[in-house]
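In the numbering used here, the protein residues as written are 10 to 451. From the three backbone atoms N, C-alpha and C, an ideal C-beta is built for every residue, glycine too. A short write-up of the structure that comes next.
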């Protein structure tokens, strides 16, 4: 049984972050966070990535007690890390940590049978939803490990973990309009069986579905990728949006490793080996969950049509999944989710929600509102500028001259920019290429 790491185990003082107060009881999650303390990745991102790793290795071997044996509640997660480019270490935690830990944990499992059962089918990079479905439909009855081929006693099919450091590519609008993200909604539910008709009119059959997704993207890429209907259709209520705005960590010109990937893999292997079967809430945890469920239900009844209600309609489920994963992260036997586990889940989920809501509001904005933001932000950086250059720049965003004129006239009315043409100030655009637009709002 692994001994959880503690900050005092290291020969340096770990960088302190505001998020540290949300860390759960000691176990794999905290070990993973400490392992990334020497990198740019915020602890908030590391926490949700650790939860994703646990969810991936548990597969359908662990579930929460639900209505009956035919209705099991599985702990799979869809996680989207959102932050600016480069400095937030998004690809570090997805590619350098999660991907590699899921690759090497299996060597630490004690038996070949267990290694085969916990085999991970990890799909990388810019995999499309079409490719995901195609991969899930392929039956697996053999697994290749350490140069040997093992035949499974029971053929399994539809399990996968998607790790994409460019989630905006995975979730682009064109594919959404073809209905493929609706398929992702279906995958989230871990159905016993499902079938899909492909573009070629072939039938793809899925069985014992279990899919986890970990992606990273920038706010702009996510905004460009998702239409407003992503909220009303329920996709964003299934995806945990993990947003970080501030850079708290000190700058590390060169990162340093505090825990090896092999050690993390061994610790994750303990979780995979020892966590099995049905878990249930303790009486205390059940009472806490009932309080939260009632609060969310009353809020939904009060305003059932709001976008916020739609976007947060599965927070109660997320609390249960997170509590189950936290329980499994502790290197302790037993199948009872304690009140402390549930309170830890509360801290993590409710501390993630505020910044998630801001991302959802951005997705929910009208096209006009998005265009206004894009043009205003660009003008502020490039002021003063000729109208011709603005049109040329935004043509690649599919924002045409008419849209630009409407946005600019609104900015003039709000006294945020001025328009001059041949030395004379104008009250609105004359649609002249030589107009000079100047930002004046701070």
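Kindly indicate which three-state DSSP category residue 96 falls into: helix, strand or coil?
In the chain shown, counting from the first residue as 1, residue 96 sits at position 87. Residue state for residue 96 is assigned as coil, using DSSP reduced to three classes.
With a Cβ-Cβ cutoff of 7 Å, do residue 402 and residue 223 count as a contact?
Within the chain shown, numbered from 1, the residue matching residue 402 stands at position 393. Within the chain shown, numbered from 1, the residue matching residue 223 stands at position 214. Residue 402 is not a Cβ neighbour of residue 223, given a cutoff of 7 Å.
Examine the Cβ distances between the segment 111-121 and the segment 349-362 and report whether three or more of them are shorter than 8 Å.
They do not touch, by the three-pair rule.
Return helix, strand or coil for residue 186, following the three-state DSSP convention.
Here residue 186 refers to the residue found at position 177 when the chain shown is read from its first residue. Low local confidence applies: a pLDDT of 42 at residue 186 is under 50, so the model's placement there is unreliable, with the coordinate-based value given in what follows. Reduced to three states, the DSSP call for residue 186 is helix.
May I have a chain-ordered list of the beta strand (DSSP E) segments no shorter than 3 residues that lie completely inside the segment 356-436?
The segment 356-436 is shown to contain whole beta strand (DSSP E) runs of 3 or more residues at 426-430, 433-435, in chain order.
Residue closest to residue 29, alpha-carbon to alpha-carbon, out of 10, 54, 21:
For the purposes of this step, residue 29 is taken as the residue at position 20 of the chain shown. Among 10, 54, 21, the Cα nearest to that of residue 29 belongs to 54.
For residue 60, which three-state DSSP category applies?
Start at 1 with the first residue of the chain shown, and residue 60 comes out as number 51. The DSSP-derived three-state label of residue 60 is helix.
What's the gap between the Cα of residue 62 and the Cα of residue 40?
One-based indexing of the chain shown puts residue 62 at position 53. One-based indexing of the chain shown puts residue 40 at position 31. Computed Cα separation, rounded: 12 Å.
Cα-Cα separation between residue 422 and residue 404, rounded to whole angstroms:
Counted from its first residue, the chain shown places residue 422 at position 413. Counted from its first residue, the chain shown places residue 404 at position 395. Residue 422 and residue 404 have their C-alpha atoms roughly 24 Å apart.
With a 10 Å radius around its C-beta and 16 neighbouring C-beta atoms as the bar for buried, classify residue 112 as buried or exposed.
As a position in the chain shown, residue 112 is number 103, starting the count at 1. Counting every other CB atom within 10 Å of its CB across the protein chains shown gives residue 112 a total below 16, marking it as exposed.
So, at 6 Å on beta carbons, what are the nonlocal neighbours of residue 281 in its own chain, with the 5 sequence-adjacent residues on each side left out?
On the chain shown, position 272 is the one that residue 281 refers to. Setting aside the 5 residues that flank it on each side, residue 281 is surrounded in the same chain by 66, 127, each with a C-beta closer than 6 Å to its C-beta; the list follows chain order.
Given a threshold of 16 other Cβ atoms within 10 Å of its Cβ, counted over all protein chains shown, does residue 365 qualify as buried or as exposed?
Walking along the chain shown from the start, residue 365 turns up at place 356. Residue burial annotation: residue 365 is buried, with at least 16 other C-beta atoms found within 10 angstroms of its C-beta.
Test item: CB-CB of residue 47 and residue 197 under 7 Å:
Mapped onto the chain shown, residue 47 falls at position 38. Mapped onto the chain shown, residue 197 falls at position 188. Going by C-beta atoms, residue 47 is not nearer than 7 Å to residue 197.
Cut-off 8 Å between Cβ atoms - residues of its own chain near residue 434, not counting five sequence neighbours on either side:
Along the chain shown, one-based indexing puts residue 434 at 425. So the list reads 427, 428, once near-sequence residues are dropped.
Check this for me: beta carbons of residue 414 and residue 438, under 7 Å apart or not?
Within the chain shown, residue 414 is the residue found at index 405, counting from 1. Within the chain shown, residue 438 is the residue found at index 429, counting from 1. A contact, by the Cβ cut-off of 7 Å.
Count the other CB atoms within 10 Å of the CB of residue 124; is the residue buried (16 or more) or exposed (fewer)?
In the chain shown, counting from the first residue as 1, residue 124 sits at position 115. Residue 124 is buried by the Cβ-count criterion.
What's the C-alpha gap between residue 389 and residue 313?
Reading the chain shown from its first residue, position 380 is the one you call residue 389. Reading the chain shown from its first residue, position 304 is the one you call residue 313. So the alpha carbons of these two residues sit roughly 39 Å apart.
Would you call the CB atoms of residue 267 and residue 19 closer than 7 Å?
By 1-based counting over the chain shown, the position of residue 267 is 258. By 1-based counting over the chain shown, the position of residue 19 is 10. Closer than 7 Å, so yes.
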